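Engineer: Structure provided below as structure tokens; questions to follow.
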Amino acid sequence: MAECSRARVKEQFQQHGSPSTGSDEFHEGFFNDDGEPTFGEEDEDTLTVAVSAPPENEWYHGRLDRQGAEERLKQMNKPRSYLVRESDRKPGSYVLSFFGKTGINHFRITAVCGDFYIGGRRFDSLSDLIAHYTHLSDLLKHERLVNPVPPPEPVNDSKRVIAILPYTKMPDTDELTFQKGDIFFVHNELNEGWLWVTAHRTGEQGIVFEELVETLDDSIDPNSLCTIFLGGPESFLVRPSDNSPGDYSLFFHVNNQIQRFRIEKKGVRYVVGGRTFDCLDAVINRYRKEYIVEGHTLGQPVVKARSDAEEYASRKEVEHAEKIYATLRECREQSGLKKNQGVKMQGWLEKRSDKIKKWKCFYFVLMTEGSDTTLYFYDNPKRLKPKGLIDLSCTYLYMMHESLLERPNCFQLVERALPCLATTTYLSCSSTEDVQDWMAAIRPHCVAQNARAPKIERLKELRCLQISIMEAHRLPAKLVPSPYCIVCLNQVKTCRTKVQMSTDPVWDEEFLLDDIPPDVLTVSIQVWNKTKRSKDAQVAELTLELQNLANGEETETWYPLLGVTPVGDWGSMRLRIRYLDDLLMPKEEYSTLLDILLDSELTAVKALADRCHADRTPLAAALLRVFRHQRQEARLLQGMCEFEIGREDETSTLFRSATLTTTLMDLYMKAVCFGFLDAALSSIIHRLVESRQSCELNPSKMDNPNDACSNAEFLLEILDELTDAIFMSSDACPRTVRYICGCLQRSVMAKWPEERLVRTRVISGFIFLRLLCPAILNPRQFSLLPGLSPILFRAVFKSNALESSCWCLI
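Residues 517 to 1326 (the numbering used here) make up the sequence shown, in order.
In structure tokens form, the structure reads like this:
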């Protein structure tokens, strides 16, 4: 039993984490050597807290305003005293009022569909929440809940209703099936006449239509309306199952609770707990002799009779029952997430947290309710109970470079509802346009983050940072044998370099951080050491204040590194930085510039190609955003490719140099060709990762030179499969890309009609050199290997040989 209790505490801690960075928490065994949680995949269901809270009547005060709460805490006059109250400003939500070292703090508790959220964490009940911050975690740094403040008189504000008509739920919804006379405890009043309730008889949670129930008199004990309670302890009854027609449910009264057991009917037999019985009597007879619950057998049966609940409900005359059901059907059709007036944006996104590494797909809904805006996520659009929520009033939105998680089209939300807790949620979209749309919809509602934004009428501040991490010198060899860097904005991770196996590493990687949020004051470059068997460790850091950077100028400087443990010399790092802090005018002021850029001859774009070679990457990204928004990206790419062909004299160097045209094509193909890459390369790359056979042909790199023949045979086999897969996947290639390839072929054939292979070479220079080969070398950056693989290095090793062989096709 002790081990089970300890396991439950571990599971609870895994879900809820610790809100304090400096508290003594339950950390033993929670993460493996790779820094991953040791309990498998993330469980979205809330776990029961293994420890208990004081009784609710010792700390729950019902509806109470802030002033009243503070007066009761001061009267108690004990450190770390607390109470929970229903908000007087927003009925249905709650507030945890805490008297700590710094005075009285009020923390909002959001109640949604029977769940309670605080600081990005979810709890089954207020008692679980109180237990967690009493025994498992700090509320403030080194401060937990200790002294509950009892109310002046007992509070009972729970609302109860009783069914006056029966109802059968619709599949794949949160509705409940119930009979006339069933009793429910109401948690939330939802839109369109629905109530979120808990069924007293079964303990199930879900929604019921308010016209099918009516309020139950407070003087009536719900247990007095439940037949099985009248039978006393160890009484039981059997009835047909509500959820599985043809099966039965066995209800057993034990430990002042009702436990339900499913009796499954298979043919003419009945199955309970893996055992098969000939009839229902055989089930009852067995468990009258053997324990059905540890220490308990079936006692006296409850004889079927018309229950008091049915008698109570039948006394209420129900008029126009068919009209009520018709109204229910109408409300069901009109309700739902998509038709809610408060919905600002909705759609499918993939989500992961900063602790759990697996991505999961949820349906997200950005909803405004009064002055509050919340981002909910659901299993599917039909559900009304969310799997979780993010309160945007205390959330910070940050961009995220694809290098950080080796996944494109991502952004992150950092929720800071409690002073010492930051909960990071990573979200992944299917396209660049979706990322821009979601960030544009969420950004205005991040109230705390926008508080620092300059209040200039009709103008917006734009801050951009282009940072190149060049190299580092004199890193401690014993402490940092495998260094890599992480770029942070206000200590929030946004970019990451590749790992280098050197104490004088050369990264030469460039990152563009566009539209930096107004709350960001510093940019930090952290040096981490990559390890194979333990969690990666940060070893050094340098921090720059944005206000000290030269505006609009490019600087290249060596910066000293400060060690996490500041002992001795930690070396230095060379950075090339360009910082821009400017004001944007209203959109209509740029209409003339837009007309110039969209000129049919692309005169302005071609002029920029000659004058902005050093800034071609941010220029290309900006041009693509403009032309894609205007749905003219095909004209831009076709015109610039023809412009490049017109200036080229030799076919051997066509599209080989880095120009604005090639950068435009690189960015565009990377943005739209994920489906094509998945169809063409995914199966081959997974086979390479899973296979133990090498493709290496260089004798100096082979463990055994005698493997050359088998390696060559395997390489040829892979190349044949790869070539077939690429050409068989042509339909998966986006139509715009295929159209541009056709234009390229016609243009080069018109200029070099005598060159027989030029029409093939011009396509292979893009598709193979700039799309397929990078995807083979870095499959995770193209979402071809989404999960961490312990043998990823082997795949990359084999891909180098494979890439070299791909040149045969160019």
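Using N, Cα and C, we set each Cβ at its ideal position, and we do this for glycine too. Just so you know, these numbers come straight off a predicted model, no measurement behind them.
Could you pull out every unbroken beta strand (DSSP E) segment of at least 3 residues lying fully inside the segment 938-973, listed in chain order?
Structural biologist: 939-944
Engineer: Which residue wins for smallest C-alpha separation from V1347, given the options D1031, Q1063, V1015 and E1070?
Structural biologist: Residue numbering for the chain in the displayed model covers 517 to 1326; residue 1347 lies beyond these limits and cannot be assessed.
Engineer: Have a look at the DSSP bridge pairing and note the partners of W1044.
Structural biologist: Numbered from its first residue, the sequence shown carries residue 1044 at position 528. The partner list for W1044 (beta bridge, DSSP) reads Y1000 and Q1054.
Engineer: Counting along the chain, where does the beta strand (DSSP E) carrying C1011 start and finish?
Structural biologist: Here residue 1011 corresponds to residue number 495 of the sequence shown, with the count starting at 1. Unbroken beta strand (DSSP E) run through C1011: V1008 to R1012.
Engineer: Helix, strand or coil, according to DSSP, for L1232 in the structure here?
Structural biologist: Position 716 of the sequence shown holds residue 1232. Helix at L1232.
Engineer: In angstroms, rounded to a whole number, what distance separates the CA positions of L1099 and L1029?
Structural biologist: On the sequence shown, position 583 is the one that residue 1099 refers to. On the sequence shown, position 513 is the one that residue 1029 refers to. Using only the alpha carbons, I get a separation of about 17 Å.
Engineer: What span of residues does the beta strand (DSSP E) with D904 cover, start to end?
Structural biologist: Taking the sequence shown and counting its residues from 1, one reaches residue 904 at position 388. Inspection of the sequence shows that residue 904 is occupied by Gly rather than by Asp. Its beta strand (DSSP E) spans residues G904 to D907.
Engineer: Out of N707, E708, L706 and I723, which has the shortest C-alpha to C-alpha gap to T714?
Structural biologist: For the purposes of this step, residue 714 is taken as the residue at position 198 of the sequence shown. The shortest Cα separation from T714 among N707, E708, L706 and I723 belongs to I723.
Engineer: Which residue marks the beginning of the beta strand (DSSP E) containing D631, and which one marks its end?
Structural biologist: Here residue 631 corresponds to residue number 115 of the sequence shown, with the count starting at 1. D631 to I634 is the extent of the beta strand (DSSP E) around D631.
Engineer: Whose CA, out of L1091, T941 and V1039, lies closest to the CA of P1021?
Structural biologist: Here residue 1021 corresponds to residue number 505 of the sequence shown, with the count starting at 1. Cα-wise, what sits closest to P1021 is L1091.
Engineer: Give the range of the beta strand (DSSP E) segment to which P1076 is assigned.
Structural biologist: Here residue 1076 refers to the residue found at position 560 of the sequence shown. E1070 to P1076 is the extent of the beta strand (DSSP E) around P1076.
Engineer: Would you mind sorting L655 into buried or exposed? The rule is 16 or more other CB atoms within 10 Å of its CB.
Structural biologist: Along the sequence shown, one-based indexing puts residue 655 at 139. The residue is buried, with at least 16 neighbouring Cβ atoms inside 10 Å.
Engineer: Between the segment 1238-1256 and the segment 1265-1281, are three or more C-beta pairs nearer than 8 Å?
Structural biologist: Fewer than three beta-carbon pairs drawn from the segment 1238-1256 and the segment 1265-1281 are found closer than 8 Å, and the two stretches are therefore not classed as touching.
Engineer: For V1274 versus T1167, is the C-beta distance shorter than 7 Å?
Structural biologist: One-based indexing of the sequence shown puts residue 1274 at position 758. One-based indexing of the sequence shown puts residue 1167 at position 651. In this structure, V1274 sits near T1167, with a CB-CB distance shorter than 7 Å.
Engineer: Give me the Cα-Cα distance between L796 and V729, rounded to the nearest whole angstrom.
Structural biologist: Sequence index remark: in the sequence shown, residue 796 carries index 280 (1-based). Sequence index remark: in the sequence shown, residue 729 carries index 213 (1-based). The alpha-carbon atoms of L796 and V729 are separated by roughly 33 Å.
Engineer: Sort S1299, Y633, N759 and V809 by Cα distance to V611 and report the nearest one.
Structural biologist: Taking the first residue of the sequence shown as 1, we reach residue 611 at position 95. Per the Cα distances, Y633.
Engineer: Let me make sure I understand the geometry here. Which of L1183, G789 and P749 has the alpha-carbon closest to that of N771?
Structural biologist: The residue labelled residue 771 in the question sits at position 255 within the sequence shown. Cα-wise, what sits closest to N771 is P749.
Engineer: Buried or exposed for W1074, going by 16 or more other Cβ atoms inside 10 Å?
Structural biologist: Within the sequence shown, residue 1074 is the residue found at index 558, counting from 1. Burial state of W1074 is exposed, judged by a 10 Å Cβ sphere holding fewer than 16 other Cβ atoms.
Engineer: To the nearest whole angstrom, what separates the beta carbons of L1300 and L1197, a pair I think is in contact under 8 Å?
Structural biologist: Residue numbering aside, residue 1300 sits at position 784 when the sequence shown is read from its first letter. Residue numbering aside, residue 1197 sits at position 681 when the sequence shown is read from its first letter. Contact holds; Cβ gap of about 6 Å.
Engineer: Which residue spans inside the segment 647-679 form an unbroken beta strand (DSSP E) run of at least 3?
Structural biologist: 675-679
Engineer: For the segment 984-998 and the segment 882-891, state whether three or more C-beta atom pairs, one from each stretch, are separated by less than 8 Å.
Structural biologist: no
Engineer: Would you mind stating whether C926 and Y942 have Cβ atoms separated by less than 7 Å?
Structural biologist: Position 410 of the sequence shown, counting from 1, holds the residue named residue 926. Position 426 of the sequence shown, counting from 1, holds the residue named residue 942. Yes. Within cutoff.
Engineer: Assign G1303 to buried or exposed, taking buried as 16 or more other Cβ atoms, counted over all protein chains shown, within 10 Å of its Cβ.
Structural biologist: Counting from one through the sequence shown, the residue named residue 1303 turns up at place 787. Since pLDDT at G1303 reaches only 48, below the 50 mark, its modelled position is unreliable, and the value read off the structure follows with that caveat. By the beta-carbon neighbour count (other beta carbons within 10 angstroms, threshold 16), G1303 is exposed.
Engineer: Helix, strand or coil: which one does DSSP assign to E727?
Structural biologist: If you number the sequence shown from 1, residue 727 lands on position 211. E727 falls in the helix class under three-state DSSP.
Engineer: Is it buried or exposed, G1258, if we count other Cβ atoms within 10 angstroms and call 16 or more buried?
Structural biologist: Position 742 of the sequence shown, counting from 1, holds the residue named residue 1258. A residue is called buried once 16 or more other Cβ atoms fall within 10 Å of its Cβ, and G1258, having fewer, is exposed.
Engineer: Should P999 go down as buried or exposed, given a rule of 16 or more other Cβ atoms within 10 Å for buried?
Structural biologist: Position 483 of the sequence shown, counting from 1, holds the residue named residue 999. It is buried - the Cβ of P999 has at least 16 other Cβ atoms within 10 Å.
Engineer: Which residues does DSSP list as the beta-bridge partners of P935?
Structural biologist: Translated into the one-based positions of the sequence shown, residue 935 becomes position 419. DSSP, once it has assigned bridges, lists no residue as partnering P935.
Engineer: Is it a yes or a no for the segment 1061-1071 touching the segment 1099-1109, going by three-plus beta-carbon pairs under 8 Å?
Structural biologist: no
Engineer: I need the straight-line Cα distance from R791 to R868, nearest angstrom please.
Structural biologist: Your numbering for residue 791 matches position 275 in the sequence shown. Your numbering for residue 868 matches position 352 in the sequence shown. Their backbone Cα atoms lie some 40 Å apart in a straight line.
Engineer: Whether or not the segment 597-607 and the segment 570-586 are in contact is what I'm after, with contact meaning three or more pairs of Cβ atoms, one per stretch, closer than 8 Å; do they touch?
Structural biologist: yes
Engineer: Quick one: using the 10 Å Cβ neighbour count with 16 as the cut-off for buried, is Q583 buried or exposed?
Structural biologist: What you label residue 583 is simply residue 67 of the sequence shown in a count that begins at 1. Result: exposed.
Engineer: If distances are taken between C-alpha atoms only, which option among V662, L661 and H716 comes closest to K675?
Structural biologist: On the sequence shown, residue 675 is found 159 positions in, with the first residue counted as 1. Answer by Cα proximity: H716.
Engineer: Reducing DSSP to helix, strand and coil, say where R1147 ends up.
Structural biologist: Indexing the sequence shown from 1 puts residue 1147 at position 631. In the structure shown, R1147 sits in coil (DSSP, three-state: anything other than H, G, I, E or B).
Engineer: Using only the alpha-carbon positions, how far apart do R1049 and N1222 sit?
Structural biologist: For the purposes of this step, residue 1049 is taken as the residue at position 533 of the sequence shown. For the purposes of this step, residue 1222 is taken as the residue at position 706 of the sequence shown. Approximately 32 Å, taken between the alpha carbons.
Engineer: Pull up the distance between the alpha-carbon of K606 and that of Y841, whole angstroms please.
Structural biologist: Sequence index remark: in the sequence shown, residue 606 carries index 90 (1-based). Sequence index remark: in the sequence shown, residue 841 carries index 325 (1-based). Spanning the two alpha carbons is a distance of roughly 31 Å.
Engineer: Is the beta carbon of T1059 closer than 7 Å to that of S1040?
Structural biologist: Along the sequence shown, read from residue 1 onward, the residue named residue 1040 stands at position 524. Along the sequence shown, read from residue 1 onward, the residue named residue 1059 stands at position 543. Contact: yes.
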